[in-house]
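Student: Following this message is one structure expressed as structure tokens.
Given below as structure tokens:
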């Protein structure tokens, strides 16, 4: 990269700096020039009367000094030699620029003192600091090897990288949250400046920077005296300029004379990872029957669906809870969790929110392309925009994008509101970690359950179905009979998914769907397999790209004109201008996979996905695929939809167990055990739990396995499969009462299991005189634990209030 171009990026605030010892060239301590690393080593060796093999080995020199004298003496010597008493004008020029972030391997305060000369405050942090505590600081300097201001007898053997012992510690940047921030900054920056750093000894940094994505935008400023060999080594990391600190500062000043900084307007930029809506003007027209059929068959949302007559939707099934969600946003709730099972209204809710909030002074961002190369840059822009405007970020199926949420935590996010949707089974597992990552305070969050359609939604449903002829053979029922059908537990049970499936399974629409699938299958067996994998990966949100799907199938579909123009295929999936594939309706996809295709086809397809992902387990998205594809909570509602579902579930896990990747995975065998508990195959369940226990790594707390072992004991009692109910009950209770030992363990998953104690069958078994006192004591323990849990986490009170009452009655009565 040209130096002048990079300097313009600095002036625009789009560059980061990584500083080494050479960046402090010209600074002085109380005795003269700042010592370089080699000079510092030489000084320490000299005072120890040691003639070393390598006089440049600072780690060994510091270790020898500490062993010869003391830790406090070493600290005093380092402070004396590295305390800055003066700096140069060049330092003031360089460090006063609006760098995105400062990173340094130095211990000193040269950058901070030089910037202060121009009234600019730089905050120094070390790897033991927490990112979120400093996310709102505009000028942050990350001291990778430690900071003189934090040097103590404790830190010198950990975060302060000086002695050989400290380098043996695990406090490296990539083992800390600052490593994530560094990677994010490297991705976001338009230019990376490395000043006075040889990269010869900084192996962690060298590995990170040695990437084609970074090399093309990296500029290395080094001494004019740099040897040819050293220059050739540095060229592997970017463009080298042998001009020194002073000439670098002069070049900056020359560029500043003629260059006008670009004004950032984050509101008007073109976003590639997010759909950005702000005061969008919608041209609403009355919906047509085709629009409504398109919604129910293809999941296609068009603006006309939000057309209102006299303030009422004519084609959209509105629910009161949507108004509650809008109020929570307008009242400033920071994070809203919206959960439901698949097809129960999350997408409808998000789309309605978009239309409603378009009238407000709110910038709405919806994550649409998680693979965008501009993702980190755009998250930074959204963070900047939130400082002056109201910003709402919506992430659908957020549990698959935890890595992206973590990127938001690297920036000042306190003014950003989030709407996060997920399937119910996954939401409670991930919610606590999100709340912790964002340091959400009490009453700053809210949870909304969309699984049941309220009376307002049922009334809208009846009106829409009557208006557009969707009741089919039930059209002759009275209004009351129709409502009873939609809310009856034995029929649709207030579940939007069941209502939608009922529409699709009507004779007209089911025949149309089956005809579409048959047309695809008859045109090409390969096309049919491709559609099955696309529907599976999209429905299960496996984050596979078109290229991934092509590699799985060994078929080029993105440029296959016949595939992309096939009318039957286009009824089910769509292609955008970038070639990205979108599934039109999750409910239609579910119907096809469960009712039209065969279990064998689905299992074969998912096995091929797992086989492909297992080739790249170190890549985050494929690791997530390998986890999602076996997680019982993720797949059970889908697999349970097949006829003879018990056989299908066992066949599914049996097939995946053949993959070598899963053979040594305690998580896989745990999920297999959970599936066996669900279908009451207790013999196999215990064997797989034992296997999961046997594969846990050293120092690993088997929190999830313990929970499922407890559940196994309790299910065995309920099913009459336990040979010793009292012994099994006591064993389960002991496991459930174990304290939480890691912030990653979700205590909600534990306390929910106390619900087994209140089941009628359990109460009958434990009513035996021999068991009674043990049972009452356990219920009291459970009640106390839940009470403490809800006291610490008030947002769960409404979910556990009834269980607490039942447990109290159980031990009081």
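Residue numbers (my numbering): 204 to 1016. Beta carbons are placed, not taken as given, at the ideal position from N, Cα and C, and that holds for glycine.
1) Under the rule that 16 or more other beta-carbon atoms within 10 Å means buried, what is residue 824, buried or exposed?
2) Can you give the Cα-Cα distance for residue 674 and residue 668, rounded to whole angstroms?
3) At what residue ranges does the region 473-541 contain a whole run of the beta strand (DSSP E), taking only runs of 3 or more?
4) For residue 232, which beta-bridge partners are listed by DSSP?
5) Quick one, are the C-beta atoms of residue 1030 and residue 719 less than 7 Å apart?
6) Would you report the Cα separation of residue 358 and residue 351, rounded to the nearest angstrom?
7) Tell me whether the region 297-304 and the region 248-267 touch, counting them as touching only if at least three CB pairs, one residue from each stretch, are closer than 8 Å.
8) Can you tell me the Cα-Cα spacing of residue 816 and residue 839, whole angstroms?
9) Buried or exposed: where does residue 678 fall if 16 or more other Cβ atoms within 10 Å of its Cβ makes it buried?
10) Work out the CA separation of residue 322 and residue 908 for me, nearest whole Å.
11) May I have the straight-line CA-CA distance separating residue 855 from residue 956, to the nearest angstrom?
12) For residue 530, which of 472, 644, 650 has the nearest alpha-carbon?
13) How many whole angstroms separate the CB atoms of residue 356 and residue 274, which I take to be in contact at a CB cut-off of 8 Å?
14) If I measure Cβ to Cβ from residue 785 and keep anything under 6 Å in the same chain, skipping five residues before and after, which residues do I get?
15) Kindly list the residues whose CB is nearer than 6 Å to the CB of residue 864, restricted to its own chain and excluding five residues on each side of it in sequence; keep chain order.
16) Considering Cα atoms alone, identify which of 626, 591, 862, 636 is closest to residue 615.
17) Using a Cβ-based criterion (distance less than 6 Å to any ligand heavy atom), does residue 792 qualify as near the ligand HEM?
18) So the alpha helix (DSSP H) residue 625 belongs to, where does it begin and stop?
19) Quick one: what does DSSP say residue 671 is sitting in, helix, strand or coil?
20) Note down, one range per segment and in chain order, each beta strand (DSSP E) of at least 3 residues found wholly within the region 780-825.
21) With 16 other CB atoms within 10 Å as the buried threshold, where does residue 293 fall?
22) Determine the closest residue to residue 548 out of 684, 244, 657, with distance taken between C-alpha atoms.
23) Cutting at 8 Å between CB atoms, please list the residues of its own chain near residue 752, excluding the five before and the five after it.
24) So, residue 611 versus residue 565, is the Cβ gap smaller than 7 Å?
25) Hey, how far is the Cα of residue 878 from the Cα of residue 928?
26) According to DSSP, is residue 695 helix, strand or coil?
27) Looking at residue 399 and residue 427, is the spacing between their C-beta atoms short of 7 Å?
28) Give me the residue from 503, 646, 636, 473 with the minimum Cα distance to residue 575.
29) Can you tell me the Cα-Cα spacing of residue 849 and residue 889, whole angstroms?
30) Is it true that the region 330-349 meets the region 239-248, where meeting means three or more beta-carbon pairs spaced less than 8 Å apart?
31) I need the DSSP call for residue 543, collapsed to helix, strand or coil.
32) Distance check for residue 386 and residue 373, CA to CA, integer angstroms please.
33) Looking at the unbroken beta strand (DSSP E) that takes in residue 869, where does it start and where does it end?
34) Grab me the residues of residue 213's own chain with a C-beta within less than 6 Å of its C-beta, minus the 5 sequence neighbours each way, in chain order.
35) Less than 7 Å between the C-beta atoms of residue 980 and residue 939, yes or no?
36) In chain order, which alpha helix (DSSP H) runs of at least 4 residues are fully inside the region 419-475?
Tutor: Taking the definition as stated:
1) buried
2) 6 Å
3) 477-480
4) 235
5) The structure shown does not extend to residue 1030, since the chain is modelled only from 204 through 1016, so no value can be given for it.
6) 10 Å
7) no
8) 21 Å
9) exposed
10) 56 Å
11) 26 Å
12) 650
13) 5 Å
14) 777
15) 817
16) 591
17) Among the components modelled here there is no ligand, and therefore nothing to report on the ligand HEM.
18) Careful: residue 625 lies outside any alpha helix (DSSP H), inside the beta strand (DSSP E) at 619-626.
19) coil
20) 784-786
21) buried
22) 657
23) 733, 736, 737, 740, 760, 784
24) no
25) 22 Å
26) coil
27) no
28) 473
29) 17 Å
30) no
31) strand
32) Confidence is the limiting factor: at residue 373 the pLDDT is only 49, short of 50, which leaves the residue's position unreliable and the question unanswerable from this model.
33) Premise fails: residue 869 lies in the alpha helix (DSSP H), 869-881, not in any beta strand (DSSP E).
34) 300
35) no
36) 431-437, 447-461
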